[in-house]
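In this text, residue positions in the sequence shown follow my numbering: the first is 104, and each later residue adds one.
One structure below.
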Amino acid sequence: MPITTSLPVPLPGAARLRALSGLVLVALLPAGAVLLPTGAAAIEDPAAPTVEVVAGPSCGPGVVRVRVVNGDIGLTVTLVTDRTPSGEDTAVLAASGSAELVSQEVPFGSELSVALQLARVDGQPVEPIDLDHWVRPAEHECAAITAPAADPAQVPAPVAAGSTPGAGPVAVPDPATAPDGTAPDGTVPAGTADTTGSPDPVPAEQPAAVPADATGGPAGAGPGGSAGTAPTDVPTEAPAVPTDPPPAAVVRPGGMVTIHSSGFSGGEVVTVTIDGVDEPLAAVTAESDGAVLAHVQVPADHPDGAARVRLVGADSAARAQVGLEVAARSSSADGGGAPWQLVGSGVLLLAVAVGLAVVGNRRAAPGGPVGTPSPSPGRRAGR
Numbered sequence: 104m105p106i107t108t109s110l111p112v113p114l115p116g117a118a119r120l121r122a123l124s125g126l127v128l129v130a131l132l133p134a135g136a137v138l139l140p141t142g143a144a145a146i147e148d149p150a151a152p153t154v155e156v157v158a159g160p161s162c163g164p165g166v167v168r169v170r171v172v173n174g175d176i177g178l179t180v181t182l183v184t185d186r187t188p189s190g191e192d193t194a195v196l197a198a199s200g201s202a203e204l205v206s207q208e209v210p211f212g213s214e215l216s217v218a219l220q221l222a223r224v225d226g227q228p229v230e231p232i233d234l235d236h237w238v239r240p241a242e243h244e245c246a247a248i249t250a251p252a253a254d255p256a257q258v259p260a261p262v263a264a265g266s267t268p269g270a271g272p273v274a275v276p277d278p279a280t281a282p283d284g285t286a287p288d289g290t291v292p293a294g295t296a297d298t299t300g301s302p303d304p305v306p307a308e309q310p311a312a313v314p315a316d317a318t319g320g321p322a323g324a325g326p327g328g329s330a331g332t333a334p335t336d337v338p339t340e341a342p343a344v345p346t347d348p349p350p351a352a353v354v355r356p357g358g359m360v361t362i363h364s365s366g367f368s369g370g371e372v373v374t375v376t377i378d379g380v381d382e383p384l385a386a387v388t389a390e391s392d393g394a395v396l397a398h399v400q401v402p403a404d405h406p407d408g409a410a411r412v413r414l415v416g417a418d419s420a421a422r423a424q425v426g427l428e429v430a431a432r433s434s435s436a437d438g439g440g441a442p443w444q445l446v447g448s449g450v451l452l453l454a455v456a457v458g459l460a461v462v463g464n465r466r467a468a469p470g471g472p473v474g475t476p477s478p479s480p481g482r483r484a485g486r
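This is how it looks when you write it as structure tokens:
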């Protein structure tokens, strides 16, 4: 029987070197080791949820609101506090689902630590998310900065093109300086249209009643009460204009502010900005009645001092503005300044519908004056 012998075929030099290097590398790898390409970057966990604190306890809504947008794995989220470790609100989220969790009412002057507990449906452990420590201002502090409720009877009615607008002014909470051209006392006369940022005054006189004389008839009437020649010069007075605007609300840098406003077109996008910052703070959609509710955060690097928040409607061009006083947290040894509980909370409710001037652009008939839109009643609501 013939016997055959197989001899190894010599490899080229480069191929032999690569083969030997591969054998050595495999021999050095521990069992179960996985080779990764050089420079492989870490990949963000697609199952991780996105968490945002919408609002903290303020002078208005005394609750904490947290919005959660889930990743690609089912999740149970629970809002827990140091007073209720078992949880104050919970939600079960499917993949890519979202929910808003709301705490129970926080008493005035109370402190609260908040966190979010997570439980994945696949059983993988998830670290809780710390949502910081919150302080709600004391009741007397809120009363000191909250403007009185608006009187619907004092809200100016719409002014038709060609008619004389009313004379009642609307106060604007404004610092001592008015960079946008408003009056130095912080007031804007009602019945004006603002297309450039500087409202123009309009006639504020109203016809005065003719006083009766001793005969019981109108002044200037003849004997027996018959009418004579009516006087041609009747003294008139313009209604008194309030000179003291509501005080500017105090908020610390990085604090949350809840703004209520009205007078916009239903469904339009309203942009909220603060002077000195290029990027908008928020863009919200007006309700069907024109009311707007915006939760915004003052930039953490905003300097101390007066600030102005502005709201502008995209379709109606209606505008609103309100003054703020940005102040850093003060120590108990300070002789003045904002109460530390109020500044420390970082969250304030501004009743903008009261001290806010809403001036919009309305097209008038050819040759007629420009009228002003009528603001709708503001709404108090949480986001």
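All C-beta atoms, glycine included, are put in the ideal place defined by N, C-alpha and C.
Pick out whichever of the options has its Cα sitting closest to the Cα of residue i.
i: Val-373; options: Ala-394, Val-354, Thr-361; result: Ala-394
i: Gly-426; options: Gly-200, Gln-227, Ala-410; result: Ala-410
i: Ala-420; options: Ala-430, Glu-382, Glu-371; result: Glu-371
i: Gly-193; options: Arg-186, Ala-202, Asp-185; result: Looking at the sequence itself, residue 193 is Thr, so the reference to Gly does not match. Comparing Cα positions, the closest option is Ala-202.
i: Val-387; options: Glu-230, Gly-379, Val-429, Ser-365; result: Ser-365
i: Gly-416; options: Ala-385, Glu-208, Leu-215, Ala-430; result: Ala-385
i: Pro-160; options: Pro-356, Ile-377, Gln-207, Arg-186; result: Gln-207
i: Ala-241; options: Ser-199, Val-224, Gly-163; result: Gly-163
i: Ser-199; options: Gln-424, Ala-150, Gly-358; result: Ala-150
i: Pro-383; options: Leu-234, Arg-355, Leu-414, Ala-246; result: Leu-414
i: Val-154; options: Asp-233, Phe-211, Leu-396, Glu-214; result: Asp-233
i: Asp-407; options: Gly-212, Gly-165, Val-209, Ala-352; result: Ala-352
i: Phe-211; options: Asp-392, His-236, Cys-245; result: Cys-245
i: Val-229; options: Trp-237, Gln-220, Val-209; result: Gln-220
i: Val-169; options: Asp-378, Glu-214, Arg-239, Asp-235; result: Asp-235
i: Val-209; options: Arg-422, His-243, Arg-239; result: Arg-239
i: Val-157; options: Asp-148, Ile-248, Val-360, Ile-377; result: Val-360
i: Ile-377; options: Ala-389, Glu-390, Pro-356, Ser-213; result: Pro-356
Could you have a look at residue i and say whether DSSP puts it in helix, strand or coil?
i: Glu-208; result: coil
i: Ile-232; result: strand
i: Glu-155; result: strand
i: Ile-176; result: coil
i: Arg-239; result: coil
i: Arg-186; result: coil
i: Val-387; result: strand
i: Ala-403; result: coil
i: Ala-421; result: coil
i: Ala-150; result: coil
i: Gly-379; result: coil
i: Pro-160; result: coil
May I ask you to list the residues that DSSP assigns as paired with residue i?
i: Glu-428; result: Val-353, Ala-409
i: Gln-227; result: DSSP output for Gln-227 lists no bridge partner at all.
i: Gly-416; result: Val-373
i: Arg-170; result: Glu-155, Glu-203
i: Ser-364; result: Val-395
i: Ser-216; result: His-236
Can you tell me where the beta strand (DSSP E) with residue i in it begins and where it stops?
i: Ala-194; result: 192-196
Residue range of the alpha helix (DSSP H) that residue i falls in?
i: Ala-397; result: Element bounds for Ala-397: not the alpha helix (DSSP H) but the beta strand (DSSP E), 395-400.
i: Ala-246; result: 242-248
CB residue i to CB residue j, shorter than 8 angstroms?
i: Gly-174; j: Thr-181; result: no
i: Gly-64; j: Leu-196; result: Any question about residue 64 goes unanswered here, given that the chain covers just 104 to 486.
i: Ser-368; j: Asp-404; result: no
i: Ile-362; j: Val-401; result: no
i: Val-375; j: Val-429; result: no
i: Val-172; j: Pro-152; result: yes
i: Thr-179; j: Ala-222; result: yes
i: Val-166; j: Val-217; result: no
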